[in-house]
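Enquirer:
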Amino acid sequence: MKDIFKLDGKIAIVTGGAGGIGEALALGLGIHGATVVVSSRNQEAIDKVAAKISKESGNEAIAISSDVTDEKSVQNLIDTVVKKYGRVDILVNAMGMNIKHPALEYEMEDWDKLFNVNVKGTMIACKAAGKVMRDQKGGAIVNLSSVRGIRGYTGGNSGYCATKGAVELITRSLALEWASYGIRVNALGPALVITPGTKHIAEDPKLAAQYAAAVPMGRIGMPEDMVGAVIYLVSNASSFVSGQTIYVDGALTAK
Ligand SMILES: NC(=O)c1ccc[n+]([C@@H]2O[C@H](COP(=O)([O-])OP(=O)(O)OC[C@H]3O[C@@H](n4cnc5c(N)ncnc54)[C@H](OP(=O)(O)O)[C@@H]3O)[C@@H](O)[C@H]2O)c1
């Protein structure tokens with residue numbers, strides 16, 4: 076019982092591992108004992124994150140670039156990991172993007188870009204890792220949704236909300252389809268988190284206060300706030316939990 080959160084000996088891949096949330100999750104997985112494979116398109120960025128994880132966790136971390144929208148590129152990532160470590164125990168899909176337009180002017184090219192990364196990218200990564208997990212008879216996947224995957228939002232977010240709603244339904248569908256293989260598939264739904272892409276909000280006291288006031292717990296999230304839920308979802312602590320989204324949102328979705 077006391078070791079239920081331990082990830083020693085586990086091989087974990089984090090796509091979007093150089094992003095604000097992805098980096099914190101990758102580091103958290105390493106600190107809790109996993110060997111971490113950090114991935115995104117930018118080799119230099121993921122090299123830095125892998126070096127930081129190795130230094131701070133004392134566990135091995137490596138960086139392998141991949142583009143989640145390209146099935147061959149993701150297959151190469153998975154094949155390289157399997158060749159090196161023999162298995163994939165954990166996949167965290169922390170990649171993602173948002174392009175905002177008012178709905179009446181939504182550029183459909185941007186709609187396609189969003190769906191390509193957030194939805195197709197999630198499916199491609201799950202599919203490639205899922206085959207390895209099926210063959211090894213187990214694994215845990217966490218997909219990044221958002222509070223915008225369950226609630227409607229204005230502010231040009233119709234496309235983003237649609238992609239995150241899709242991520243939640245992919246998560247539940249795969250949880251059902253792969254339950255008999257011992258693969259658990261869950262999602263994390265953050266509220267606003269301060270990352271390089273959202274730091275302009277933290278830097279604007281008026282805007283930051285507005286966002287914080289909308290959250291019942293009265294503050295904006297930080298990447299580190301996301302780590303505990305993901306460690307839970309990929310460890311034995313959640314061995315009977317699948318198809319769920321945990322909203323780490325200061326009670327926002329309780330409203
Ligand atoms: N920050 C928030 O407030 C917030 C709230 C709720 C949910 N989320 C979700 O949480 C996840 C992480 O958000 P974040 O704020 O940490 O994002 P971020 O800082 O913008 O990082 C996004 C990551 O995704 C990678 N990425 C983008 N396109 C990719 C592609 N085609 N192939 C592979 N990797 C790709 C990026 O790396 P490269 O550019 O190097 O590929 C980067 O590492 C996203 O799914 C986001 O929607 C964020």
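Going by the numbering used here, the letters in the sequence shown line up with residues 76 to 330, in that order. Here a beta-carbon is modelled for each residue, glycine too, at the ideal position from N, C-alpha and C.
Starting from the N-terminal side, write out each stretch of the beta strand (DSSP E) that is 3 residues or longer and does not extend beyond the stretch 253–289.
Expert: Those beta strand (DSSP E) runs which fall completely within the stretch 253–289 and span 3+ residues are 258–265.
Enquirer: Exposed or buried, what is Asn-117 when buried is set at 16 or more other beta-carbons lying within 10 Å of its beta-carbon?
Expert: Exposed, since its Cβ has fewer than 16 Cβ neighbours within 10 Å.
Enquirer: Is the closest heavy atom of ligand 3 to the C-beta of Asn-117 under 7 Å?
Expert: In terms of ligand content, the structure shown lacks ligand 3 and carries ligand 1 instead.
Enquirer: To the nearest angstrom, how far is the alpha carbon of Ile-258 from that of Ile-216?
Expert: Each residue's Cα considered, the two are about 8 Å apart.
Enquirer: Sort Ile-165, Asn-261, Trp-253 and His-176 by Cα distance to Tyr-322 and report the nearest one.
Expert: Of the candidates Ile-165, Asn-261, Trp-253 and His-176, the one whose C-alpha sits nearest the C-alpha of Tyr-322 is Asn-261.
Enquirer: Taking 7 Å as the cut-off, is the C-beta of Thr-155 nearer than that to any heavy atom in ligand 1?
Expert: Not so, every heavy atom of ligand 1 lies at least 7 Å from the Cβ.
Enquirer: Please go through the stretch 169–206 and give each complete alpha helix (DSSP H) segment of 4 or more residues, from N-terminal end onward.
Expert: DSSP runs (the alpha helix (DSSP H)) wholly in the stretch 169–206: 183–189.
Enquirer: What are the uninterrupted segments assigned as beta strand (DSSP E) that are 3 or more residues long and contained completely in the stretch 98–162, given in chain order?
Expert: With a minimum length of 3 residues, the continuous beta strand (DSSP E) runs that stay inside the stretch 98–162 are 110–114 and 136–138.
Enquirer: From Ala-109 to Asp-142, what does the alpha carbon distance come to, in whole angstroms?
Expert: Taking the straight line joining both Cα atoms gives about 23 Å.
Enquirer: To the nearest angstrom, how far is it from the Cα of Val-124 to the Cα of Met-76?
Expert: So the two alpha carbons sit approximately 31 Å from each other.
Enquirer: Please determine whether the Cβ atom of Ile-96 lies at a distance below 7 Å from any heavy atom of ligand 1.
Expert: Checking every heavy atom of ligand 1 against the Cβ of Ile-96, one is found closer than 7 Å.
Enquirer: Assign Ala-87 to one of three DSSP states: helix, strand, or coil.
Expert: Strand at Ala-87.
Enquirer: Any chance the stretch 181–189 sits against the stretch 149–167, with 3 or more Cβ pairs inside 8 Å?
Expert: Counting Cβ pairs under 8 Å, fewer than three are found: no touch.
Enquirer: Take the Cβ of Leu-308 as the centre, count every other Cβ of all protein chains shown within 10 Å, and call the residue buried at 16 or more, exposed below.
Expert: Label assigned to Leu-308: buried.
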